[in-house]
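*Asks:* Got a structure for you, questions after.
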Amino acid sequence: MYNILVVDDEPLICKGLAGLLTSSGLSIRAIYTAYSGHEALDYVRMEEIDLLVTDIQMGEMNGIELMHQAKMIKPWVQTIIISAHETFQYAQMALRLGARDYLIKPLGSEQFLDSVRNALLKMDKPVPQIDDFLLQDTELFHMEELHPEQNERLKALLATASAGGDEVAERELESELGVRGPYFSVIKLSLDHRKTSGTEQESKYNDRDAKLFRYAALNVAKELLYKEWNALACYFSDWDIRILLQWDEAEYAELDMNKINQLEMIGRSLHYHVKKYLGIDATVGISQILKGVKFLSVLNSQSDKAVLWGGEQGDYHVFYYGDFNWTNHAQDPSAEELTSQNNRIVQSAKQYIEANYNQKGLTIHDVAKKNHVSPNYLSYLFKKNTGYNLWEYVIKLRMEESKSLILNTDLRRYEIAEQVGYESPEHFSKIFKKFFGVSPSELKK
Numbered sequence: 011m012y013n014i015l016v017v018d019d020e021p022l023i024c025k026g027l028a029g030l031l032t033s034s035g036l037s038i039r040a041i042y043t044a045y046s047g048h049e050a051l052d053y054v055r056m057e058e059i060d061l062l063v064t065d066i067q068m069g070e071m072n073g074i075e076l077m078h079q080a081k082m083i084k085p086w087v088q089t090i091i092i093s094a095h096e097t098f099q100y101a102q103m104a105l106r107l108g109a110r111d112y113l114i115k116p117l118g119s120e121q122f123l124d125s126v127r128n129a130l131l132k133m134d135k136p137v138p139q140i141d142d143f144l145l146q147d148t149e150l151f152h153m154e155e156l157h158p159e160q161n162e163r164l165k166a167l168l169a170t171a172s173a174g175g176d177e178v179a180e181r182e183l184e185s186e187l188g189v190r191g192p193y194f195s196v197i198k199l200s201l202d203h204r205k206t207s208g209t210e211q212e213s214k215y216n217d218r219d220a221k222l223f224r225y226a227a228l229n230v231a232k233e234l235l236y237k238e239w240n241a242l243a244c245y246f247s248d249w250d251i252r253i254l255l256q257w258d259e260a261e262y263a264e265l266d267m268n269k270i271n272q273l274e275m276i277g278r279s280l281h282y283h284v285k286k287y288l289g290i291d292a293t294v295g296i297s298q299i300l301k302g303v304k305f306l307s308v309l310n311s312q313s314d315k316a317v318l319w320g321g322e323q324g325d326y327h328v329f330y331y332g333d334f335n336w337t338n339h340a341q342d343p344s345a346e347e348l349t350s351q352n353n354r355i356v357q358s359a360k361q362y363i364e365a366n367y368n369q370k371g372l373t374i375h376d377v378a379k380k381n382h383v384s385p386n387y388l389s390y391l392f393k394k395n396t397g398y399n400l401w402e403y404v405i406k407l408r409m410e411e412s413k414s415l416i417l418n419t420d421l422r423r424y425e426i427a428e429q430v431g432y433e434s435p436e437h438f439s440k441i442f443k444k445f446f447g448v449s450p451s452e453l454k455k
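Below you can see the structure in the form of structure tokens.
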């Protein structure tokens, strides 16, 4: 049974699609409706949403940005995009971010339900075991093995960037490996080589296991990235894969969303799918984006540092180098220095939220940007240090303020909603009842 969230700023369309789903006979537990991107994100944060069906043109936050932020919060959420425009750029971006379908209005009921049915069927597929996965008879992942010479060539390039500044060598790289840039980022996928025996004692996989897991993980990476992203991947060591993402000038200019958020989304998706299909954990290190082949070794080192410094956390798995780039490290920061900086980040974020929780359209991205840290890492640190999910803390402050206004003023519901940061009085009432167990009007009585 699945939970589906339908989002459209036209209530009649929203209710019409929800009605079709209700009478469809599909395996649906609950259907939620939202009339804006910000309202939809509250549902994604607070409910177990499996499928997001969203219009693309919606006021302050469009459907592509909603899909992007939803996947940042929960990478497994599947999405169907609906648009009144057959715009190639929108469709391309939606598919690049992993949309299951891109439907053009006006929608036929059967067309819509077929799309939803197909999305749910793909969620229903059993997760293959590692041995089945490696037989290559599954339609989930397919790839050609990287030629050993090409693998070593790319590995050496990332390790040394020896071709930097040599135009002849760079042309050879483009023809031999497909390295052209000029913008690059490196992702390190470090597979967990530990396993637990029946006696709960930690042990290691053997060399054959390492090769099989590494091969399968490269399958996952290629399937996730090669269709929509200009990416190259190579084996770096027994349990280590490196992925080189690259953009030409036009592609880089077209990316209108925060590029670091996109890299983090890719990292979270890699971790999620490796865990899902291979049954092992992985730590993901993400470099910054720099221009020029000569910086590849720098980016590669950044991905190493992200894993090294982030790995101290233990219970978090995707790290962006920029989150630790708060000082010039003559040497690796100590655990105490990392902890102290993390505490400062959380305290600063808490102060910013307390001063701005009633701001309409406030997002985790706004809080992260003010604190020069990526949204997901901030969310992790905030929960770890305070015990609160970051957005739960925003809602807590909003609800406490609204309760005080209800009990101590004669303000109307829509006025209170507006004062605590909600555009829709109806949405405010839903959140209020979920938080307190009674509606604003019941509390007033």
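Positions in the sequence shown are counted from 1; adding 10 to them yields the numbering used here. Backbone N, C-alpha and C define an ideal beta-carbon position, used for all residues, glycine too.
What is the C-beta distance between Gly302 and Pro192, in whole angstroms, given that I count them as a contact (C-beta under 8 Å)?
*Replies:* Right, the Cβ-Cβ distance comes to about 6 Å (below 8 Å), so this counts as a contact.
*Asks:* On the three-state DSSP scale, how would you describe Arg190?
*Replies:* coil
*Asks:* Label Pro116 either buried or exposed according to how many other C-beta atoms from any shown protein chain fall within 10 Å of its C-beta, with 16 as the threshold for buried.
*Replies:* exposed
*Asks:* When you compare only the Cα positions, how much space is there between Tyr236 and Val230?
*Replies:* 10 Å
*Asks:* Which partner residues of Gly295 appear in the DSSP bridge assignment?
*Replies:* Lys198, Phe329
*Asks:* Give me, in chain order, the residues of the same chain whose beta-carbon lies closer than 8 Å to that of Met11; leave out the 5 immediate sequence neighbours on both sides.
*Replies:* For Met11, same chain residues with a beta-carbon under 8 Å away, outside a window of 5 residues either side, are Ser37, Ile38, Arg39 in chain order.
*Asks:* Answer with buried or exposed for Asn352, where buried requires no fewer than 16 other C-beta atoms within 10 angstroms of its C-beta.
*Replies:* buried
*Asks:* Would you report the Cα separation of Ile299 and Ser195, rounded to the nearest angstrom?
*Replies:* Approximately 5 Å between the Cα atoms of the pair.
*Asks:* Could you tell me which whole beta strand (DSSP E) segments of length 3 or greater appear in the stretch 361-408?
*Replies:* Annotation: the stretch 361-408 contains no complete segment of the beta strand (DSSP E) (minimum length 3 residues).
*Asks:* In whole angstroms, what is the alpha-carbon distance linking Ala109 and Leu62?
*Replies:* 10 Å
*Asks:* Got a sec, what are the start and stop residues for the beta strand (DSSP E) Asn13 sits in?
*Replies:* 12-17
*Asks:* Using C-beta distances below 6 Å, list every residue in its chain close to Ile23, excluding the 5 sequence neighbours before and after it, in chain order.
*Replies:* none
*Asks:* Enumerate in chain order the residues of its own chain whose CB-to-CB distance from Arg106 is below 8 Å, with the five nearest sequence positions on each side excluded.
*Replies:* Glu238, Trp239
*Asks:* Please identify the residue among Ala316, Leu242, Leu453 whose C-alpha is closest to the C-alpha of Asn161.
*Replies:* Leu242
*Asks:* Beta strand (DSSP E) containing Ser93: first to last residue?
*Replies:* Per DSSP, Ser93 belongs to the beta strand (DSSP E) from 88-93.
*Asks:* To which residues of the same chain is Gly332 closer than 6 Å at the C-beta, ignoring the five residues directly before and after it?
*Replies:* Gln298
*Asks:* Quick one: what's got a C-beta closer than 8 Å to Ser434's C-beta in the same chain, skipping five residues either side?
*Replies:* The beta carbon of Ser434 is closer than 8 Å to those of Tyr45, Ser46, Glu49, Ala427 in its chain, skipping five residues each way along the sequence.
*Asks:* Excluding sequence positions up to five away, which residues of its chain have a Cβ less than 7 Å from the Cβ of Val383?
*Replies:* Asp333, Ile355
*Asks:* Rounded to a whole number of angstroms, what is the C-alpha to C-alpha distance between Gly208 and His283?
*Replies:* No answer about Gly208 holds up, because its pLDDT of 44 lies below 50 and its placement is not dependable.
*Asks:* What did DSSP end up calling Val456 once you bin it into helix, strand or coil?
*Replies:* Because the chain is modelled from 11 through 455, residue 456 falls outside the range shown and cannot be assessed.
*Asks:* Should Asp248 and Lys221 be called a contact, given that it needs their Cβ atoms to be closer than 9 Å?
*Replies:* yes
*Asks:* Taking buried to mean at least 16 other C-beta atoms within 10 Å of its own C-beta, is Gln272 buried or exposed?
*Replies:* The residue is buried, with at least 16 neighbouring Cβ atoms inside 10 Å.
*Asks:* Which of the three DSSP states, helix, strand or coil, is assigned to Arg127?
*Replies:* helix
*Asks:* Can you tell me which residues form a DSSP beta bridge with Val63?
*Replies:* Paired residues: Val16, Ile90.
*Asks:* By the DSSP assignment, the beta strand (DSSP E) with Tyr42 in it spans what residues?
*Replies:* 38-44
*Asks:* What's the gap between the Cα of Asn368 and the Cα of Asp124?
*Replies:* 41 Å
*Asks:* At the level of alpha carbons, what is the spacing between Tyr387 and Ala80?
*Replies:* Straight-line Cα distance between these residues: approximately 15 Å.
*Asks:* What's the call for Thr293, buried or exposed, on a 16-neighbour Cβ count within 10 Å?
*Replies:* Sixteen is the threshold: when 16 or more other Cβ atoms of the shown chains lie within 10 Å of the Cβ of Thr293, as they do, the residue is buried.
*Asks:* Comparing C-alpha positions only, which one of Phe445, Leu417, Arg422 sits nearest to Lys1?
*Replies:* Summary: the structure shown does not reach residue 1, with the chain confined to residues 11 through 455, and so no result is reported for it.
*Asks:* Pick from Glu436, Glu411, Gly35: whose alpha carbon is nearest that of Gln429?
*Replies:* Glu411
*Asks:* Report back the beta-carbon spacing between Leu318 and Leu199 to the nearest angstrom; my notes put them in contact at under 8 Å.
*Replies:* Not confirmed; about 14 Å, so no contact.
*Asks:* Could you please give the first and the last residue of the uninterrupted beta strand (DSSP E) stretch that includes Gln160?
*Replies:* Segment 158-170 is the alpha helix (DSSP H) holding Gln160; no beta strand (DSSP E) there.
*Asks:* Compare the Cα-Cα distances from Thr43 to each of Ile296, Asp65, Leu400 and report the closest residue.
*Replies:* Asp65
*Asks:* If you count every other CB in all the chains shown that lies within 10 Å of the CB of Val17, and 16 or more means buried, which is it?
*Replies:* buried
*Asks:* Can you tell me whether DSSP reads Arg278 as helix, strand or coil?
*Replies:* Helix, per DSSP.
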